[in-house]
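A.B. asks: Chains as they are written, first to last, in numbering that gives the first Met the number 0: chain A, 0 to 323; chain B, 0 to 323.
Glycine included, C-beta positions come from ideal geometry on N, C-alpha and C.
Just so it is clear, the structure is predicted and the values come from calculations on it, not from any experiment.
Number of protein chains: 2
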Amino acid sequence: MRILITGAAGMVGRKLTERIVRDGGLGGRPIAELHLHDIVPPHAPDIPGATVSAMTGDLADENAADWLIASRPAVIFHLAGVVSGEAEVDFEKGYRVNLDGTRALFEAIRQAGDGYCPRVVFTSSIAVFGAPFPDVIPDDFHPTPLTSYGTQKLIGEALLADYSRRGFFDGVGIRLPTICVRPGKPNKAASSFFSSIIREPLAGLEVVLPVPRSVLHTHASPRSAVGFLVHAAGLDGDAIGPRRNLTMPGVAVTVGEQIEALERVAGNNVVRLIREEPDETVWSIVQNWPTRFASERARALGFVAEDSFDAIIRAHIEDEMAQA
Amino acid sequence: MRILITGAAGMVGRKLTERIVRDGGLGGRPIAELHLHDIVPPHAPDIPGATVSAMTGDLADENAADWLIASRPAVIFHLAGVVSGEAEVDFEKGYRVNLDGTRALFEAIRQAGDGYCPRVVFTSSIAVFGAPFPDVIPDDFHPTPLTSYGTQKLIGEALLADYSRRGFFDGVGIRLPTICVRPGKPNKAASSFFSSIIREPLAGLEVVLPVPRSVLHTHASPRSAVGFLVHAAGLDGDAIGPRRNLTMPGVAVTVGEQIEALERVAGNNVVRLIREEPDETVWSIVQNWPTRFASERARALGFVAEDSFDAIIRAHIEDEMAQA
Numbered sequence: 000m001r002i003l004i005t006g007a008a009g010m011v012g013r014k015l016t017e018r019i020v021r022d023g024g025l026g027g028r029p030i031a032e033l034h035l036h037d038i039v040p041p042h043a044p045d046i047p048g049a050t051v052s053a054m055t056g057d058l059a060d061e062n063a064a065d066w067l068i069a070s071r072p073a074v075i076f077h078l079a080g081v082v083s084g085e086a087e088v089d090f091e092k093g094y095r096v097n098l099d100g101t102r103a104l105f106e107a108i109r110q111a112g113d114g115y116c117p118r119v120v121f122t123s124s125i126a127v128f129g130a131p132f133p134d135v136i137p138d139d140f141h142p143t144p145l146t147s148y149g150t151q152k153l154i155g156e157a158l159l160a161d162y163s164r165r166g167f168f169d170g171v172g173i174r175l176p177t178i179c180v181r182p183g184k185p186n187k188a189a190s191s192f193f194s195s196i197i198r199e200p201l202a203g204l205e206v207v208l209p210v211p212r213s214v215l216h217t218h219a220s221p222r223s224a225v226g227f228l229v230h231a232a233g234l235d236g237d238a239i240g241p242r243r244n245l246t247m248p249g250v251a252v253t254v255g256e257q258i259e260a261l262e263r264v265a266g267n268n269v270v271r272l273i274r275e276e277p278d279e280t281v282w283s284i285v286q287n288w289p290t291r292f293a294s295e296r297a298r299a300l301g302f303v304a305e306d307s308f309d310a311i312i313r314a315h316i317e318d319e320m321a322q323a
Numbered sequence: 000m001r002i003l004i005t006g007a008a009g010m011v012g013r014k015l016t017e018r019i020v021r022d023g024g025l026g027g028r029p030i031a032e033l034h035l036h037d038i039v040p041p042h043a044p045d046i047p048g049a050t051v052s053a054m055t056g057d058l059a060d061e062n063a064a065d066w067l068i069a070s071r072p073a074v075i076f077h078l079a080g081v082v083s084g085e086a087e088v089d090f091e092k093g094y095r096v097n098l099d100g101t102r103a104l105f106e107a108i109r110q111a112g113d114g115y116c117p118r119v120v121f122t123s124s125i126a127v128f129g130a131p132f133p134d135v136i137p138d139d140f141h142p143t144p145l146t147s148y149g150t151q152k153l154i155g156e157a158l159l160a161d162y163s164r165r166g167f168f169d170g171v172g173i174r175l176p177t178i179c180v181r182p183g184k185p186n187k188a189a190s191s192f193f194s195s196i197i198r199e200p201l202a203g204l205e206v207v208l209p210v211p212r213s214v215l216h217t218h219a220s221p222r223s224a225v226g227f228l229v230h231a232a233g234l235d236g237d238a239i240g241p242r243r244n245l246t247m248p249g250v251a252v253t254v255g256e257q258i259e260a261l262e263r264v265a266g267n268n269v270v271r272l273i274r275e276e277p278d279e280t281v282w283s284i285v286q287n288w289p290t291r292f293a294s295e296r297a298r299a300l301g302f303v304a305e306d307s308f309d310a311i312i313r314a315h316i317e318d319e320m321a322q323a
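(1) Residues in the stretch 288-310 of chain A with C-beta within 7 Å of chain B's C-beta atoms, listed in sequence order?
(2) By a C-beta neighbour count over all protein chains shown, 10 Å radius and 16 as the cutoff for buried, is G172 of chain B buried or exposed?
(3) At the level of alpha carbons, what is the spacing between G24 of chain B and I30 of chain B?
(4) What ranges does the beta strand (DSSP E) occupy inside the stretch 74-145 of chain B, keeping only unbroken runs of at least 3 residues that lie completely in it?
(5) Determine the chain A residues that contact I108 of chain B at a beta-carbon separation under 7 Å, and present them in chain order.
(6) Mind reading off the beta-carbon distance from V285 of chain B to V210 of chain B? Whole number of angstroms is fine, and I expect it under 8 Å.
(7) My assumption, with CB atoms under 8 Å, is that I136 of chain B sits in contact with F308 of chain B. Please give the rounded CB distance.
(8) Ignore the nearest five residues each way along the sequence and tell me which others in T143 of chain A's own chain have a CB closer than 6 Å to its CB.
(9) Could you tell me the distance, in whole angstroms, from the CA atom of V96 of chain B to the CA atom of N287 of chain B?
(10) Would you mind stating whether A64 of chain B and L104 of chain B have Cβ atoms separated by less than 8 Å?
(11) So if DSSP puts A219 of chain A in a beta bridge, which residue, or which two residues, is it bridged to?
(12) Return helix, strand or coil for R71 of chain A, following the three-state DSSP convention.
(13) Could you have a look at N267 of chain A and say whether DSSP puts it in helix, strand or coil?
(14) Since I believe V207 of chain A is in contact with G274 of chain A (beta carbons under 8 Å), could you give me their beta-carbon distance rounded to a whole number of angstroms?
(15) Can you tell me whether S283 of chain A is buried or exposed? The criterion is at least 16 other CB atoms within 10 Å of its CB, across all chains shown.
(16) Taking one C-beta from the stretch 146-162 of chain A and one from the stretch 254-268 of chain A each time, how about it: are there three or more such pairs within less than 8 Å?
(17) Please confirm if the stretch 47-59 of chain B is in contact with the stretch 113-120 of chain B, defined as three or more CB-CB distances below 8 Å between the two stretches.
(18) Taking just the CA atoms, how far does L158 of chain A sit from E32 of chain B?
(19) Using 8 Å as the limit for Cβ to Cβ distance, is A238 of chain A near chain B?
(20) Identify which residue in B:E205, B:A219, B:L98, B:L300 has its Cα closest to the Cα of P185 of chain B.
(21) Taking the alpha carbon of P221 of chain A as the point to measure from, which residue in A:Y115, A:G93, A:A304, A:H77 has its own alpha carbon closest?
(22) Please return the same chain residues whose Cβ sits closer than 7 Å to the Cβ of L234 of chain B, not counting the five positions on each side in sequence.
(23) Sort out for me which residues DSSP pairs A157 of chain A with in a bridge.
(24) Output needed for A231 of chain B: all residues of its chain with C-beta closer than 6 Å, excluding positions within five of it in sequence on either side, in chain order.
(25) At what residues does the alpha helix (DSSP H) containing M320 of chain A begin and finish?
(26) Can you name, in chain order, every residue of its own chain whose Cβ lies under 7 Å from the Cβ of V127 of chain A, other than the five neighbours on each side?
(27) Which residues in chain A sit within 8 Å of S242 of chain B, going by Cβ to Cβ distance?
(28) Where DSSP assigns a beta bridge to G172 of chain A, which residues make up the other side?
(29) Among B:G12, B:T5, B:V11, B:G93, which one has its Cα closest to the Cα of L67 of chain B?
(30) Does DSSP put P47 of chain A in a helix, a strand or coil?
(31) Shorter than 8 Å from the beta carbon of T122 of chain A to some beta carbon of chain B?
(32) Closer than 8 Å, Cβ to any Cβ of chain A: which residues of the stretch 79-100 of chain B, in chain order?
As structure tokens, then:
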């Protein structure tokens with residue numbers, strides 16, 4: 000099987016690559032070729048008997064996408080994108096990468112013109128939704144994004160559905176919830192604290208909680224995000240139907256419940272490293288974020304997330320800390 | 000006041016131009032400049048004391064949009080577009096005109112960079128919605144288009160909302176229902192019969208009704224469509240809020256009720272010219288079309304359609320037949 004991953008140097012891209020290498024293939028089919036692409040050089044793992052390439056560049060550049068699909072990969076994971084905060088600060092870069100890059104890839108596939116019809120798995124986001132929200136956001140809630148990033152993801156979803164309907168490729172869009180616990184260091188994203196309040200104390204470091212414990216949000220682990228991608232690659236297109244974009248499941252918990260889970264998993268000495276220090280700016284942003292999703296279609300199609308925040312913490316410990 | 004109309008040579012564009020000329024302005028402000036643009040030459044009316052220009056070309060061409068907004072029009076009516084049937088047959092043309100053309104116009108405004116922030120009125124369509132539908136389609140029904148045209152209109156709506164949110168212009172998207180009675184001749188559009196069964200008998204001509212009388216659909220007259228555009232030009236942006244795309248009101252009637260209205264307005268001799276001749280192909284298409292809309296937001300913002308199909312027929316007689 001030939002596989003292409005765009006955005007392969009990002010956190011999810013790296014973990015997806017590791018998973019495919021560990022499994023030795025995708026859906027039981029061994030890897031013949033694995034092509035990794037990103038704006039910075041992705042790490043190319045060694046896979047015995049397979050061709051592995053690492054490519055660097057801007058997907059929106061002329062002919063870049065043609066070159067990426069030259070080997071006619073059967074499965075394309077399109078993860079490449081500028082993140083929410085950057086797309087808001089740099090309007091032109093956001094549209095260039097998230098819209099033009101996505102469209103360039105889709106167009107290259109359409110224009111191949113030799114009967115090529117790959118499975119395309121596109122990582123969308125719950126940022127396609129905008130406040131105000133009901134208590135539980137149904138699968139058919141209307142998308143009214145309140146960020147440029149969410150707008151670009153919504154346009155990607157619309158293109159994916161149309162290109163799939165026309166038979167140019169067989170697309171699945173997966174709307175990821177907040178990924179938690181993100182490995183690495185705290186960053187300036189408003190959502191950073193959801194991961195930091197778990198990751199930093201587990202590493203013996205103090206951390207600030209900038210919002211009230213009552214804040215409710217939906218999370219999935221990096222391991223689950225990779226699981227969604229692998230599952231999406233193998234789905235029967237007819238079973239999905241014309242509505243190609245699916246809201247992924249996750250664990251809906253309050254920040255207080257996150258902390259209780261941390262105490263159950265790691266003890267009171269760890270939880271004591273969390274210092275509550277309300278930040279009105281962060282809270283005012285977070286109040287406009289979606290809380291809980293129904294995700295009925297995705298669950299019915301077999302997408303599985305953790306069943307508790309305890310499991311999310313244990314996944315983080317196993318995947319990030321056991322190696323260290 | 001300086002006004003720009005794209006798609007000015009189309010049916011709605013011509014009627015909008017006539018209305019503005021007849022009113023001598025827009026929202027009580029006299030016309031200083033009226034710029035008309037289309038892919039075919041629009042007719043430039045003579046307006047005493049005003050500059051009128053008629054421009055021809057492809058909006059997606061390099062620099063075309065810059066040239067269009069060179070005079071910094073305060074109101075831009077963006078009507079240009081390839082229609083549904085053509086966008087489905089010619090995929091590339093549909094995306095070029097409906098997506099690239101729209102984006103080129105929006106980008107030209109953004110890049111003006113001199114504080115320019117016009118009101119942009121964009122004609123979207125109920126084609127952004129796709130079956131299955133509830134009995135009454137609410138304002139917040141999720142858009143899942145089932146045509147490339149509907150996809151392109153949805154993308155235009157998303158861009159309009161984001162460019163407005165960012166303050167690059169002050170946009171209003173209006174989703175038009177089926178325009179009925181369309182003047183002119185029957186065409187190959189599946190929706191053609193909705194107008195033909197009124198227009199042709201009124202002109203003394205026989206006509207075929209290809210669907211059962213029970214088919215329910217929502218209509219607005221060309222006069223109302225122009226009224227929506229003029230009303231949208233004068234709306235207070237703050238009153239609209241961040242959800243910039245509005246489903247216009249209309250008259251929801253069955254085909255049987257259309258024919259009853261025709262009999263009331265024009266008599267039995269006219270109605271006898273309608274021959275029922277079911278066409279399974281047309282019916283199978285029409286069954287996937289939306290029927291009735293709530294349009295609560297648009298009505299609350301002052302958009303007004305006819306209150307009966309009788310009024311739609313009378314508008315057609317006054318606007319199209321009284322002159323003949």
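C.D. replies: The relevant details are as follows:
(1) none
(2) Mapped onto the second sequence, residue 172 of chain B falls at position 173. Buried, by the Cβ-count rule.
(3) Translated into positions along the second sequence, residue 24 of chain B becomes position 25. Translated into positions along the second sequence, residue 30 of chain B becomes position 31. Each residue's alpha carbon lies about 5 Å from the other.
(4) 74-77, 118-124
(5) Within the second sequence, the letter at position 109 stands for residue 108 of chain B. Ordered by position in chain A, no residue passes the 7 Å Cβ test against I108 of chain B, which lies about 13 Å from the chain.
(6) Against the second sequence, residue 285 of chain B aligns to sequence position 286. Against the second sequence, residue 210 of chain B aligns to sequence position 211. Their Cβ separation, rounded to whole angstroms, is 6 Å, which keeps V285 of chain B and V210 of chain B in contact under 8 Å.
(7) In the second sequence, residue 136 of chain B corresponds to position 137, counting from 1. In the second sequence, residue 308 of chain B corresponds to position 309, counting from 1. The pair is not a contact, with the Cβ atoms about 19 Å apart (cut-off 8 Å).
(8) One-based indexing of the first sequence puts residue 143 of chain A at position 144. Excluding positions up to five away in sequence, the list reads G129.
(9) On the second sequence, position 97 is the one that residue 96 of chain B refers to. On the second sequence, position 288 is the one that residue 287 of chain B refers to. Taking the straight line from one Cα to the other gives about 25 Å.
(10) Counted from its first residue, the second sequence places residue 64 of chain B at position 65. Counted from its first residue, the second sequence places residue 104 of chain B at position 105. Their beta carbons are under 8 Å apart, which means A64 of chain B touches L104 of chain B by this criterion.
(11) On the first sequence, position 220 is the one that residue 219 of chain A refers to. Paired residue(s): A:I178.
(12) To locate residue 71 of chain A, count along the first sequence from 1; it is residue 72. R71 of chain A falls in the coil class under three-state DSSP.
(13) The residue given as residue 267 of chain A occupies position 268 in the first sequence. Correct three-state label for N267 of chain A: helix.
(14) One-based indexing of the first sequence puts residue 274 of chain A at position 275. One-based indexing of the first sequence puts residue 207 of chain A at position 208. One point to set straight first is that residue 274 of chain A is Arg, not Gly, in the sequence displayed. Confirmed, about 5 Å.
(15) Stepping through the first sequence from its first residue, residue 283 of chain A is reached at position 284. Classification for S283 of chain A: exposed.
(16) no
(17) no
(18) Within the second sequence, numbered from 1, the residue matching residue 32 of chain B stands at position 33. Within the first sequence, numbered from 1, the residue matching residue 158 of chain A stands at position 159. Using only the alpha carbons, I get a separation of about 37 Å.
(19) Counting from one through the first sequence, the residue named residue 238 of chain A turns up at place 239. No, because no Cβ of chain B sits closer than 8 Å to the Cβ of A238 of chain A.
(20) Sequence index remark: in the second sequence, residue 185 of chain B carries index 186 (1-based). The residue with the shortest Cα to Cα distance from P185 of chain B is B:E205.
(21) Start at 1 with the first residue of the first sequence, and residue 221 of chain A comes out as number 222. That would be A:A304, whose Cα lies nearest to the Cα of P221 of chain A.
(22) Residue mapping note: residue 234 of chain B aligns to position 235 of the second sequence, counting from 1. Cβ neighbours of L234 of chain B beyond the five flanking positions: V171, L300.
(23) On the first sequence, residue 157 of chain A is found 158 positions in, with the first residue counted as 1. In DSSP, A157 of chain A forms no bridge with anything.
(24) Position 232 of the second sequence holds residue 231 of chain B. Excluding residues within five positions, the ones whose Cβ falls inside 6 Å are V120, V171, I173.
(25) Numbered from its first residue, the first sequence carries residue 320 of chain A at position 321. Looking at the DSSP string, M320 of chain A is not in any alpha helix (DSSP H), and its letter there is neither H nor E.
(26) As a position in the first sequence, residue 127 of chain A is number 128, starting the count at 1. Taken in chain order, the residues that qualify are P142, P144, G149, K152, L153, E156, R174.
(27) What you label residue 242 of chain B is simply residue 243 of the second sequence in a count that begins at 1. Here residue 242 of chain B turns out to be Arg, not Ser, going by the sequence shown. Going along chain A in sequence order, the residues near R242 of chain B (Cβ under 8 Å) are T143.
(28) Residue numbering aside, residue 172 of chain A sits at position 173 when the first sequence is read from its first letter. Per DSSP, A:F121, A:N244.
(29) Within the second sequence, numbered from 1, the residue matching residue 67 of chain B stands at position 68. The residue with the shortest Cα to Cα distance from L67 of chain B is B:T5.
(30) Position 48 of the first sequence, counted from the start, is the residue given in the question as residue 47 of chain A. Three-state DSSP puts P47 of chain A in coil, outside helix and strand.
(31) As a working mapping, residue 122 of chain A is identified with position 123 in the first sequence. T122 of chain A does not count as touching chain B.
(32) F90
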